[in-house]
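Here my numbering is used: the first residue of the sequence shown is 36, the next is one more, and so on.
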Amino acid sequence: MADLVCIVAGELSGDNLAAALIRELKLRRPQLRFAGIAGPAMVAAGCAAWDDSESLAVMGLFEVLGHLPRLLAV
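Okay, structure coming up:
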């Protein structure tokens, strides 16, 4: 079984950076599998999305507290 690399991207720039990392690692180790909290760039690079990175996009103390049960579930 191939090794699994898990990545969490919480916003757009993280999604783009992780997608570039996935592409580069696949060139070096084609057997690697990728999964995690992913945006569209990561999915396009071959990452299996457990949830959409948009689900983590909350800012500020009160917004985070309001979404805390859902965030913990993710």
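Glycine included, C-beta positions come from ideal geometry on N, C-alpha and C.
Just list the residues that DSSP pairs residue i with in beta bridges.
| i | result |
| --- | --- |
| A44 | DSSP output for A44 lists no bridge partner at all. |
| R64 | Per DSSP, none; premise fails for R64. |
| L39 | R68 |
So is residue i buried or exposed if we call it buried at 16+ other beta carbons inside 10 Å?
| i | result |
| --- | --- |
| G95 | exposed |
| R88 | For clarity, residue 88 is Ser in the given sequence; the question names Arg instead. It is buried - the Cβ of S88 has at least 16 other Cβ atoms within 10 Å. |
| D38 | exposed |
| G49 | buried |
| G74 | buried |
Just to confirm, are residue i and residue j a CB contact at a threshold of 8 Å?
| i | j | result |
| --- | --- | --- |
| F97 | G81 | no |
| L67 | L60 | yes |
Assuming the contact rule is C-beta atoms closer than 8 Å, residue i and residue j should be a hit. Round their C-beta distance to whole Å, please.
| i | j | result |
| --- | --- | --- |
| A79 | A54 | 7 Å |
| L91 | L106 | 7 Å |
Taking just the CA atoms, how far does residue j sit from residue i?
| i | j | result |
| --- | --- | --- |
| P104 | R58 | 33 Å |
| P65 | G71 | 18 Å |
| L100 | V93 | 10 Å |
| D47 | D86 | The question names Asp, yet the displayed sequence has Leu at residue 47. Taking the straight line from one Cα to the other gives about 14 Å. |
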